[in-house]
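Have a look at the structure below before the remarks.
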Amino acid sequence: MARHLISTLAVLGILLPFSGLATAQDKTPIKLGVLEDQSGDFAVATIGKVHGIQLAAEEINAAGGIDGRPLELVVYDTQSDNTRYQEFMRRVLQRDKVDAVFAGFSSASREAYRPIVNQFDGFAFYNNQYEGGVCDANMVITGAVPEQQFSTLIPYMMEKYGKKVYTIAADYNFGQISAEWVRNIVKENGGEMVGEEFIPLGVSQFSQTIQNIQTAKPDVLVTLLVGTAQASYYEQAGAANLKVPMASSVNVGQGYEHKRFKAPSLANMYATVNYIEEVDTPASKAFIEKWHKKFPSEPYINQEAENSYSAVHLYKQMVERAKSTKREDIRKVIAQGDVCFDAPEGKVCIDPKSQHMSHTIFLAHVKEDHSIDFPKVWQDVKPYWLGDAGCDLTKSDPSAQYTPSNPPVAAE
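Residues -24 to -1, 1 to 388 (mature numbering (1 follows the signal peptide of the UniProt record, and there is no 0)) are what the sequence shown spells out, left to right.
Right under this line is the structure:
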């Protein structure tokens, strides 16, 4: 039998601690499905997502729930396996009858379950940084997107280090589309792509890739590597004395490689993140304190954990304002354009056209000793590309994913 539960919440119907004063008419639990990878290749980066959801749900229940109704979490371990996402998405929507689903790390997993969400008219939150482009009324996406991460990162790196760029990326939709964004931004800024490689998931040997980079002599190396196997690249590159400045939208902010690997293997890595635990603000410090009170052994609080925490609070606001858990009612609230939350990173808001989220973007720089500094911070960066390109979920719902080379047709 598949190992799929990380708690007894789902099988026993146990609610998180609740102190609401709900009446008999309105205390029916609001059920949230949680499909995340607690095991397998992606687990290092994703266990914190479940913890973020649990922390937010506990806070909400302690404060009286959502309009007096407690939150109940139905949690499954998807084991870094796309077929599990499909299996469990059908289960939570058909059998468990959840009101919303929080699901997915990789873009491949999201695209595996998204047609099922559409088929059963579900409502899903994808709380992960990704390659952008999903225009789907059944989805709210809280993770950062290329116009927030690459449009800030790549010009900064080219100005600081030079215009010759080499990309190594995971060989699936995330890596392929992200690399397209990098190519376009490099060209727009007068740069040159001197190399590009796509690495299959699960690959952990990089000697040929390192030789290729050494031959190409780039000024900037963009690393878009995913999972524990591909993260082996950094120590191998360090052993080969490869010292090209690195830029990433995923590393550090997701897999906290600067904590997991011995210095200086990630030295001179620059990553655009919407949150990591090194962010030194009062809001971040308060968040970290309450997080470690509940999860004292958590190795690291990454941006996906913070996104997941914020998403639950945003969902609470949506439901309370809509006075309903129905997707069509919630979407009317989103369409007003003022669904916002004071998150640990700063204020975030949901864009009504694309149902993506604005972010504070921190440029995290890994130093020789693997400590972090932030040479630049961009405030309130909007997820503008989809809306500018023609996606407007307040008018139509194509339920599609677009890319810079395949943009949406502007609504008539």
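We put the beta carbon where it would ideally sit given N, CA and C, even for glycine.
For residue i, which beta-bridge partners are listed by DSSP?
i           : result
residue 12  : 53
residue 339 : 248, 352
residue 76  : 8
residue 391 : Residue numbering for the chain in the displayed model covers -24 to 388; residue 391 lies beyond these limits and cannot be assessed.
residue 115 : 100
residue 376 : 111
residue 389 : With the chain covering -24 to 388 only, the question about residue 389 has no answer from this structure.
For residue i, which three-state DSSP category applies?
i           : result
residue 332 : strand
residue 239 : coil
residue 323 : strand
residue -12 : No answer about residue -12 holds up, because its pLDDT of 41 lies below 50 and its placement is not dependable.
residue 228 : coil
residue 279 : helix
residue 94  : helix
residue 317 : strand
residue 20  : helix
residue 255 : coil
residue 288 : helix
residue 202 : coil
residue 214 : helix
residue 369 : coil
residue 309 : helix
residue -23 : Legend: pLDDT at residue -23 = 43, less than 50; position of this residue unreliable, value from coordinates given subsequently. Three-state DSSP puts residue -23 in coil, outside helix and strand.
residue 381 : coil
residue 209 : helix
residue 390 : With the chain running from -24 to 388 in the structure shown, residue 390 is simply not present.
Is the separation between the beta-carbon of residue i and that of residue j shorter than 8 Å?
i           : j           : result
residue 313 : residue 336 : no
residue 179 : residue 140 : no
residue 118 : residue 198 : no
residue 28  : residue 285 : yes
residue 196 : residue 245 : no
residue 113 : residue 369 : yes
residue 30  : residue 11  : no
residue 78  : residue 287 : yes
residue 7   : residue 75  : yes
residue 400 : residue 326 : This structure leaves residue 400 out entirely; the chain is present only between -24 and 388.
residue 352 : residue 362 : no
residue 346 : residue 239 : yes
residue 146 : residue 218 : no
residue 319 : residue 280 : no
residue 242 : residue 210 : yes
residue 58  : residue 85  : yes
residue 380 : residue 367 : no
Hey, is residue i's beta-carbon within less than 8 Å of any beta-carbon in chain D?
i           : result
residue 334 : Considering every chain present, this structure includes no chain D. It has just one protein chain.
Taking only runs that begin and end inside the region 22 to 68, name each unbroken alpha helix (DSSP H) of 4 or more residues, in chain order.
58 to 66
Which parts of the region 121 to 194 are runs of the beta strand (DSSP E), unbroken and 3 residues or longer, counting only runs that do not cross its ends?
140 to 146, 168 to 175
Is the region 261 to 270 touching the region 298 to 310, taking contact as three or more C-beta pairs under 8 Å?
no
Between the region 93 to 103 and the region 55 to 72, do at least 3 Cβ pairs fall closer than 8 Å?
yes
Using a Cβ distance threshold of 8 Å, determine whether the region 145 to 158 contacts the region 124 to 133, with at least three qualifying pairs required.
yes
If contact is defined by three or more beta carbon pairs under 8 Å, each pair taking one atom from either stretch, is the region 43 to 62 in contact with the region 11 to 21?
yes
Taking 8 Å as the cut-off, does the region 330 to 350 touch the region 293 to 303 (at least 3 CB pairs, one atom from each stretch)?
no
Using 8 Å as the cut-off, can you tell me whether the region 103 to 112 makes contact with the region 225 to 240, which would need three or more C-beta pairs spanning the two stretches below that distance?
yes
Measuring CB atoms only, is the region 174 to 189 touching the region 143 to 154, in the sense that at least three cross pairs come out at less than 8 Å?
yes
Closer than 8 Å is the cut-off here; do at least three beta carbon pairs connect the region 365 to 379 with the region 275 to 285?
no
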